[in-house]
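Participant: Numbering (our numbering), first residue to last: 935 to 1258. Ideal Cβ positions, reconstructed from N, Cα and C, are used throughout, including at glycine. These figures come from a predicted structure and were not determined experimentally.
Below, the structure is given as structure tokens:
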């Protein structure tokens, strides 16, 4: 009987000790989570927690001014934080030719915007081109506007990701189109600026190069604008553009490329998040058209699109390598 009483007493004491120990640990944890030095700043200036524990810490992580969420168009948050973006369910679904905006096999492709089809590539006006073509306004330098996309017919996410035996002919025709567009633009007092976002993303995508005309007298200022805007967004340009491109080809890296009016290249290797609207937004600012940085705000009706495409095709006919 004595042994039983003694055992019960020891168990009760042990339980009390455990509770006391837990209380001490909780007290220590509270002390760790609260700054000892109450002068330590937090995001909102409050002194009862560290910055790393601040519930409003993410509010300080605002996108740059030129960023636009691809889900809702706002520049107040990144796409990953957008309340309108659908939550991801499982792995990203790769974009196939049947649902790709740029694959000619997709019946939903807007074919009346296409202005030239070659053996390996085609040229189309984009939906919502940067250059305004409203007949009530000032006529564009290049008939039909001149904002174009050069697109390989084969479905590859970047020009450099095509198999070597196919890439040679694709890139050769791309360069033919570039040269033809430069000559056309020069005839109309404009210079060509071309840019490409090359990303091997989880969804695949379709390689394309955007071509935008700028006034010939302002052509030598394009490089400065891209440098300044890149610095503002934390984008770094490679010193040796050709070496950077070769490295991207061999290593399958992502890059942003600009072809300047004088033929020189600017290359930035994409190593993290990248504003996909950087090229268009920069040229919109350069041309004094900041309100046209978002293509969705520039979409024309079918009649205007057909008119623009017809005007450009007529002007391009004598330069078009597909017709020579």
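Buried or exposed: which applies to residue 1202, given that a residue is buried once 16 or more other Cβ atoms fall within 10 Å of its Cβ?
Facilitator: As a position in the chain shown, residue 1202 is number 268, starting the count at 1. Classification of residue 1202: buried, given that the 10 Å Cβ count is 16 or more.
Participant: Can you tell me whether DSSP reads residue 1202 as helix, strand or coil?
Facilitator: Counting from one through the chain shown, the residue named residue 1202 turns up at place 268. Of the three classes helix, strand and coil, the one that applies to residue 1202 here is strand, per DSSP.
Participant: Whole angstroms is fine: what's the gap from residue 1098's alpha carbon to residue 1011's?
Facilitator: On the chain shown, residue 1098 is found 164 positions in, with the first residue counted as 1. On the chain shown, residue 1011 is found 77 positions in, with the first residue counted as 1. Cα-Cα distance, rounded: 40 angstroms.
Participant: Tell me the DSSP secondary structure of residue 1043 in three-state form.
Facilitator: What you label residue 1043 is simply residue 109 of the chain shown in a count that begins at 1. Looking at residue 1043 - three-state DSSP - the assignment turns out to be coil, as it is neither helix nor strand.
Participant: Among 1119, 1146 and 1190, whose alpha-carbon lies nearest the alpha-carbon of residue 1132?
Facilitator: Here residue 1132 is taken as the residue at index 198 of the chain shown, counted from 1. Per the Cα distances, 1190.
Participant: According to the Cβ coordinates, are residue 1048 and residue 1056 closer than 9 angstroms?
Facilitator: Position 114 of the chain shown, counting from 1, holds the residue named residue 1048. Position 122 of the chain shown, counting from 1, holds the residue named residue 1056. It is a contact, given that the beta carbons lie within the stated cut-off.
Participant: Are the CB atoms of residue 1053 and residue 1095 within a distance shorter than 9 angstroms?
Facilitator: The residue given as residue 1095 occupies position 161 in the chain shown. The residue given as residue 1053 occupies position 119 in the chain shown. Not in contact: residue 1095 and residue 1053 (Cβ atoms no closer than 9 angstroms).
Participant: Please look up how many angstroms separate the CB atoms of residue 1150 and residue 1186, rounded, as I've assumed it's under 8 angstroms.
Facilitator: For this step, residue 1150 is matched to residue 216 along the chain shown. For this step, residue 1186 is matched to residue 252 along the chain shown. That pair is no contact at about 37 angstroms.
Participant: Name the one or two DSSP bridge partners that residue 1052 has.
Facilitator: Position 118 of the chain shown, counted from the first residue, corresponds to residue 1052. None, per the DSSP bridge assignment.
Participant: Could you pull the DSSP bridge partners for residue 1189 from this structure?
Facilitator: Start at 1 with the first residue of the chain shown, and residue 1189 comes out as number 255. DSSP output for residue 1189 lists 1132 and 1203 as bridge partner(s).
Participant: Helix, strand or coil for residue 1092? Go by DSSP, reduced to three states.
Facilitator: Counting from one through the chain shown, the residue named residue 1092 turns up at place 158. In this structure, residue 1092 counts as coil in the three-state DSSP scheme.
Participant: Which residue marks the beginning of the alpha helix (DSSP H) containing residue 1100, and which one marks its end?
Facilitator: The residue labelled residue 1100 in the question sits at position 166 within the chain shown. From DSSP, the alpha helix (DSSP H) with residue 1100 extends over 1098-1121.
Participant: If we call anything under 9 angstroms between Cβ atoms a contact, is residue 1255 one with residue 1107?
Facilitator: Locating residue 1255 in the chain shown gives position 321, where the first residue counts as 1. Locating residue 1107 in the chain shown gives position 173, where the first residue counts as 1. A contact, by the Cβ cut-off of 9 angstroms.
Participant: Sorry if obvious, but does the Cβ on residue 1108 come closer than 8 angstroms to a heavy atom of the ligand FAD?
Facilitator: No copy of the ligand FAD occurs in the structure displayed, which carries no ligand at all.
Participant: Hey, residue 1081 and residue 1140: beta-carbon distance below 9 angstroms or not?
Facilitator: Here residue 1081 is taken as the residue at index 147 of the chain shown, counted from 1. Here residue 1140 is taken as the residue at index 206 of the chain shown, counted from 1. No, Cβ-Cβ distance for residue 1081 and residue 1140 is not below 9 angstroms.
Participant: Sort out for me which residues DSSP pairs residue 1038 with in a bridge.
Facilitator: Your numbering for residue 1038 matches position 104 in the chain shown. Paired residues: none, contrary to the question.
Participant: Going by the beta-carbon positions, is the gap between residue 1144 and residue 1223 smaller than 9 angstroms?
Facilitator: Walking along the chain shown from the start, residue 1144 turns up at place 210. Walking along the chain shown from the start, residue 1223 turns up at place 289. No, these two residues do not count as a Cβ contact at 9 angstroms.
Participant: Sorted by chain position, which residues of the same chain lie with C-beta nearer than 8 angstroms to residue 1179's C-beta, five sequence neighbours on each side aside?
Facilitator: On the chain shown, position 245 is the one that residue 1179 refers to. These residues qualify, in order along the chain: 1094, 1189, 1191, 1199 and 1201.
Participant: Is residue 1228 near residue 1079, with beta carbons less than 9 angstroms apart?
Facilitator: Taking the chain shown and counting its residues from 1, one reaches residue 1228 at position 294. Taking the chain shown and counting its residues from 1, one reaches residue 1079 at position 145. No.
Participant: What residue does the alpha helix (DSSP H) around residue 1156 start on, and which one ends it?
Facilitator: Within the chain shown, the letter at position 222 stands for residue 1156. 1156-1167 is the extent of the alpha helix (DSSP H) around residue 1156.
Participant: Comparing C-alpha positions only, which one of 1127, 1169, 1086 and 1115 sits nearest to residue 1101?
Facilitator: For the purposes of this step, residue 1101 is taken as the residue at position 167 of the chain shown. With distances taken between Cα atoms, residue 1101 lies closest to 1086.
Participant: Helix, strand or coil, according to DSSP, for residue 1240 in the structure here?
Facilitator: In the chain shown, residue 1240 corresponds to position 306, counting from 1. Three-state result, residue 1240: helix.
Participant: Residues in the same chain with beta-carbon distance under 7 angstroms from residue 1181, minus the five sequence neighbours each way, listed in chain order, please.
Facilitator: Residue mapping note: residue 1181 aligns to position 247 of the chain shown, counting from 1. Once the five neighbours on either side are set aside, the close Cβ partners of residue 1181 are 1187.
Participant: Under a three-way DSSP split, which group does residue 1124 fall into?
Facilitator: Numbered from 1 along the chain shown, position 190 holds the residue referred to as residue 1124. Of the three classes helix, strand and coil, the one that applies to residue 1124 here is strand, per DSSP.
Participant: In whole angstroms, what is the alpha-carbon distance linking residue 1022 and residue 1040?
Facilitator: Position 88 of the chain shown holds residue 1022. Position 106 of the chain shown holds residue 1040. Note that residue 1022 scores 45 on pLDDT, short of 50, meaning its location in the model is unreliable; the coordinates nonetheless yield the value given after this. Going from the Cα of residue 1022 to the Cα of residue 1040 covers about 25 angstroms.
Participant: Roughly how many whole angstroms lie between the Cα atoms of residue 1245 and residue 1050?
Facilitator: Translated into positions along the chain shown, residue 1245 becomes position 311. Translated into positions along the chain shown, residue 1050 becomes position 116. Roughly 13 angstroms between the two C-alpha positions.
Participant: For residue 1086, which beta-bridge partners are listed by DSSP?
Facilitator: Here residue 1086 refers to the residue found at position 152 when the chain shown is read from its first residue. Answer is 1055, bridged to residue 1086.
Participant: Would you please state the rounded distance, in angstroms, between the beta carbons of residue 1125 and residue 1077? I believe it to be under 8 angstroms.
Facilitator: The sequence position of residue 1125 within the chain shown is 191, counting from 1. The sequence position of residue 1077 within the chain shown is 143, counting from 1. No, residue 1125 and residue 1077 are not in contact; Cβ-Cβ is about 16 angstroms, not under 8 angstroms.
Participant: Can you tell me the Cα-Cα spacing of residue 1251 and residue 1015, whole angstroms?
Facilitator: On the chain shown, position 317 is the one that residue 1251 refers to. On the chain shown, position 81 is the one that residue 1015 refers to. Cα to Cα, residue 1251 sits roughly 46 angstroms from residue 1015.
Participant: When the Cα atoms are used, what is the spatial distance from residue 1046 to residue 1212?
Facilitator: Here residue 1046 refers to the residue found at position 112 of the chain shown. Here residue 1212 refers to the residue found at position 278 of the chain shown. C-alpha separation (whole angstroms): 27 angstroms.
Participant: On the DSSP letters alone, give me the boundaries of the beta strand (DSSP E) that residue 1143 sits inside.
Facilitator: Taking the chain shown and counting its residues from 1, one reaches residue 1143 at position 209. Unbroken beta strand (DSSP E) run through residue 1143: 1143-1149.
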